[in-house]
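Working notes, beginning with the structure itself.
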Amino acid sequence: MVDTLLLYGSESGMTEDIADQVSYKLLHNKIDHVISSFDDIDIEKYAPLFKSEVYKNIIIISSTAGQGELPLNIRTSELWNFFKTNELNFSNTSFYFLGVGDSLYLKFQHAIRLLKLRICDRFNGNFKLKMEIDVTGMKGDGSTDQVLPVFIKQLVNQLSDTEEYINDKVFISKGILLKLSDSAEANFQASFNKKNPYWFESEVLMNNRLTNEDYHTDIRQVVLNNKFKYQFSPGDTISIRPQNDHACINKFFELQPHLKQYRFTNVLMQDDEQKTYQTLEDILRYEVDLKSVPKRNFFMRIWNFQSMKKQNVNFEVIHDMDSYKPTNIVLDNDFEDKEELETLNSHKRKLFEFGHSLDPYDYIEYVVQPRRTILEILFDFEYIKIPFAYMLQILPKIKERQYSISSSDLSSQNFEITAKVVEYETLLLEKRKGLCTNYIKRLTPGNKIKIKLNSLNLWDKLEEPIMQGAESIILIGPGVGIAPIKSFCDNDDYTMFNKYVYFGNRNKDMDYIYESFWENPKRSDIIMRKCFSRDGGEERYVQDMLWNDKALIFDLVVNQNAIVYICGSSGQMPTQVKLTFIEIIKTIGNDENAEQYVNEMIKFNRYIQETW
Amino acid sequence: MTKVLILLHPIVTTNAELVENTMSSYKSKSYEVHQYLLPNFLEEYYNIETTFDYIHYLGPSAEDSNKSELALLLKLSNSLLHINGFLIGLPLDKITKLQKKMFGFEEEDSNLKKVENKIIKPAKTQTTVVGDVLNAEEEKALDNEEKDFTKMYMVGCTETGDGTKLTRRRKACDTCTCGLKELEEQELEERKKANRERIKNILLLSKDDLTEVDFTIKGKKVGGCGSCALGDAFRCDGCPYLGLPAFKPGQPIDLSSIKDDFE
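Protein sequence lines correspond, in order, to chains L and C. For the first sequence, my numbering begins at 402 and goes up steadily by one. For the second sequence, my numbering begins at 174 and goes up steadily by one.
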């Protein structure tokens, strides 16, 4: 019986890929295990297993979201609820923790620490190891590439009872298998994941471009029907899972002609007990992220699936590690063309290095910096032949993206989202385009899509400052960050707040989005400050406006216990804004401990940052 | 039966008359009267199963009242009152509009009327509230842990987790304030521009023949390493074709996606 369990929580998918890398290494070290995200765990099946301590080793890998919170797929999971509401005994279970966070945020490792307290300490588990990755590499135990090999090494030392390492040339199959379905009547289910209780259908009611037509940036206002009349609040988000377009799927089959035969046939997707039917075309449309920039774990597997033109890929695959016996099979083909063989081998070496080498630089330079997509990599590395059966174990799946709701109950019951269509240049000739925002751009009224509503409970977070008497809120949202702020200003519950809004963008004529909403003379509870960086003028960015208003800001924050709420793109802006607040308090208040004051605000939810 | 809860702030225990009068005014109406001293009330809160029609607070004057204590009373009272029940005796000028809204009350006749259920009392069986966020004790414990993590690991970017040295230069962090990020971005912009110019020129030279751009033919311009055709993964730093996909002999370079750049 498998007695090792690997659980992960991930919001953007990055931590999921890290968990996958750990899983790969465990398998090759012959450590059999179950791997699952928190929300994929079927609690009916697993509750008795936890109660009878079936798992002797539990590995938990999690990112920290937002203000030091658990990622959404842990927070809303049955498993988490199970841990919170049951008394368990883990005195015979060893625990290993890996946290992933960004030290830009103060509480960037709180999730993994909370998980340790609630699952290990509370139930008397044996705590063995905790490491913390800081993606910037500055704090915690270091960056991903520094920490991961060390974490894996420690795990292997503790969990493995053999020195054996299954050669990386051997493909260990674990997860979803694709098979040709021989069943004449296939039940088509559009989505593989049966546990979709939170996703519901919504019709697109509107899709407007908010920025001037002549402007280089396209910001969309999209309204989605809320036919089930779900309640939502400012700060809540809508999840959308994009699809690949025809051009992309066609290109894939051009590059992988050996898969053309499966394109329109019924294909069975099998995982443990679950089975679903689709065509390969559908799988590529809904499930596989061909336009993504692959993580290292993609290369860890793909490198060996390469062969010369006319030949099939010869590889060794096992489904069960215990049955593995190292063999000396020579898998290489007839040496017809020595030169081509040399090229093939150099391709294999290159892709192997991208996945397995300790030094990530080559991978970063070839893949990350130019944002090179899987399709482009398949083009460059023409010998790759993705095996049909194991496709979904090798290719990453399309992940959902979240968009802040910008509407609210005072003017609309429907979900309005505000999204900037992502398009930018890198060293590659072809422009980079965001998969989801370009998918959103193509939507037209009448289209029906599946969405999910995420209740992020901003109201609950504000309870503490409101208890302390806060009556004012400073809302800072340059660019698309204005979306949740618009919801805030349009919501009945929040009408009591004195709202000070700070908005910035580039050109008043081009990208002053929702101008009519903000310039509405009837709104006396909102004081709005705006500036446009390319219009000339002394104030260019939101922090300039804050600085010029420093007397007011100081009074609000220090004397009136006001709340600060910042939204927008992460990067320079939130750092600059925080520094500005610190400077204001230092200057006006003559307070040397200004930075500490702001950090205290963050701790007590008086300074909230929603950046992405 | 109309139920009343009287909450006594310790300071009014010295004023026996006030307490007596309040109690008898309710008892004379045959109301069922419950009474708690504040500290006991906070301890017993989770055990109270009754809901009341009135909660009457006897406490210090407005000036001497503690705002957050009052807010807490507001919060707890919501789950102990019926809808349209009244919370009497709180100095109203010490309560903000937001607090009233947050905890489900509206002002009526100088008192607070409950208009909405806001807080759900946790189930009686849970003695400790196990939540999604750290409680105060845990936060404190983590604070002490936090101090250990503020030290920067000077192992930094020049070593891998195994201790072997990395060979390339340091990349700027996302939140760079030292200027390295600006420098990198500038360099990148310049490289991008130069790259696109270079590629444009190469392609423009064969503009009429765009469908047959075959770089594997001998004599075409190649870079120092000779691996141009293999794609960016194998090209050297000085390669003129950096940014272009790999070359397939006889296969035209697909320029459809960037055609507008050349118009």
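Beta carbons: idealized from backbone N, C-alpha and C, even for Gly.
Own chain residues within Cβ distance below 8 Å of residue i, not counting five before or after
{"i": "residue 298/C", "result": "Note that residue 298/C scores a pLDDT of 45, beneath 50, so its modelled location is shaky and nothing firm can be said."}
{"i": "residue 225/C", "result": "176, 177, 178, 207, 253, 254, 255, 258"}
{"i": "residue 472/L", "result": "410, 411, 412, 416, 463, 464, 465, 466, 512"}
{"i": "residue 612/L", "result": "618, 619, 620, 911, 912, 914"}
{"i": "residue 577/L", "result": "593, 670, 671, 672, 793, 794"}
{"i": "residue 195/C", "result": "179, 229, 231"}
{"i": "residue 200/C", "result": "206"}
Any chain D beta carbon closer than 8 Å to residue i
{"i": "residue 364/C", "result": "Considering every chain present, this structure includes no chain D. Its protein chains are L and C."}
8 Å Cβ cutoff met for residue i and residue j
{"i": "residue 457/L", "j": "residue 557/L", "result": "no"}
{"i": "residue 484/L", "j": "residue 520/L", "result": "yes"}
{"i": "residue 715/L", "j": "residue 708/L", "result": "yes"}
{"i": "residue 453/L", "j": "residue 408/L", "result": "no"}
{"i": "residue 776/L", "j": "residue 415/C", "result": "no"}
{"i": "residue 800/L", "j": "residue 502/L", "result": "no"}
{"i": "residue 439/L", "j": "residue 505/L", "result": "no"}
{"i": "residue 875/L", "j": "residue 954/L", "result": "yes"}
{"i": "residue 847/L", "j": "residue 604/L", "result": "yes"}
{"i": "residue 772/L", "j": "residue 823/L", "result": "no"}
{"i": "residue 892/L", "j": "residue 810/L", "result": "yes"}
{"i": "residue 270/C", "j": "residue 277/C", "result": "no"}
{"i": "residue 768/L", "j": "residue 755/L", "result": "yes"}
{"i": "residue 857/L", "j": "residue 638/L", "result": "yes"}
{"i": "residue 644/L", "j": "residue 840/L", "result": "yes"}
Residues near residue i in its chain [Cβ-Cβ closer than 7 Å; skip 5 each side]
{"i": "residue 582/L", "result": "667, 668, 669, 678"}
{"i": "residue 400/C", "result": "407, 408"}
{"i": "residue 952/L", "result": "989"}
{"i": "residue 240/C", "result": "267"}
{"i": "residue 927/L", "result": "890, 900, 902"}
{"i": "residue 546/L", "result": "761"}
Residue i - DSSP class collapsed to helix/strand/coil
{"i": "residue 300/C", "result": "A caution first: residue 300/C carries a pLDDT of 42, below 50, which makes its placement in the model unreliable, though a value can still be read off. Looking at residue 300/C - three-state DSSP - the assignment turns out to be coil, as it is neither helix nor strand."}
{"i": "residue 256/C", "result": "strand"}
{"i": "residue 461/L", "result": "strand"}
{"i": "residue 208/C", "result": "strand"}
{"i": "residue 511/L", "result": "helix"}
{"i": "residue 726/L", "result": "coil"}
{"i": "residue 1029/L", "result": "Because chain L is modelled from 402 through 1013, residue 1029/L falls outside the range shown and cannot be assessed."}
{"i": "residue 625/L", "result": "strand"}
{"i": "residue 757/L", "result": "helix"}
{"i": "residue 898/L", "result": "coil"}
{"i": "residue 600/L", "result": "strand"}
{"i": "residue 803/L", "result": "strand"}
{"i": "residue 720/L", "result": "coil"}
{"i": "residue 865/L", "result": "helix"}
{"i": "residue 824/L", "result": "strand"}
{"i": "residue 808/L", "result": "coil"}
{"i": "residue 431/L", "result": "coil"}
{"i": "residue 177/C", "result": "strand"}
{"i": "residue 690/L", "result": "coil"}
{"i": "residue 882/L", "result": "helix"}
Proximity test, residue i beta-carbon vs the ligand ATP heavy atom, cut-off 7 Å
{"i": "residue 455/L", "result": "With respect to the ligand ATP, the structure offers nothing, as it holds no ligand at all."}
Beta-ladder partner(s) of residue i, from DSSP
{"i": "residue 272/C", "result": "According to DSSP, which records beta bridges pairwise, residue 272/C is partnered with nothing at all."}
{"i": "residue 279/C", "result": "286/C"}
{"i": "residue 502/L", "result": "535/L"}
{"i": "residue 675/L", "result": "672/L"}
{"i": "residue 767/L", "result": "Looking at the DSSP assignment, residue 767/L forms no beta bridge with any residue, so it has no partner."}
{"i": "residue 851/L", "result": "602/L"}
{"i": "residue 556/L", "result": "According to DSSP, residue 556/L bridges with nothing at all."}
{"i": "residue 856/L", "result": "Residue 856/L pairs with nothing; no bridge assigned."}
Own chain partners of residue i with C-beta closer than 6 Å, once the 5 adjacent residues on each side are dropped
{"i": "residue 882/L", "result": "968, 969"}
{"i": "residue 517/L", "result": "498"}
contact_flag[the segment 924-944 of chain L, the segment 903-913 of chain L] where n(CB pairs < 8 Å) is 3 or more: Contact between the segment 924-944 of chain L and the segment 903-913 of chain L is present, with at least three C-beta pairs closer than 8 Å.
Stretch-stretch touch, CB-based, cutoff 8 Å, three pairs: the segment 654-666 of chain L with the segment 679-686 of chain L: Segments in contact, yes.
Three or more C-beta pairs below 8 Å linking the segment 860-873 of chain L and the segment 819-834 of chain L: No, they do not touch.
Contact the segment 956-970 of chain L vs the segment 922-935 of chain L: 3+ CB pairs below 8 Å: Pairwise C-beta distances place the segment 956-970 of chain L out of contact with the segment 922-935 of chain L, as fewer than three of them are shorter than 8 Å.
Three CB pairs or more closer than 8 Å across the segment 215-225 of chain C and the segment 1000-1010 of chain L: Short answer: they don't touch.
Cβ contact (3+ pairs, closer than 8 Å) linking the segment 486-498 of chain L and the segment 534-551 of chain L: Look at the beta carbons and you see the segment 486-498 of chain L not touching the segment 534-551 of chain L: under three pairs across the two are nearer than 8 Å.
Contact between the segment 564-579 of chain L and the segment 531-540 of chain L (3+ Cβ pairs under 8 Å): Verdict: no, contact absent.
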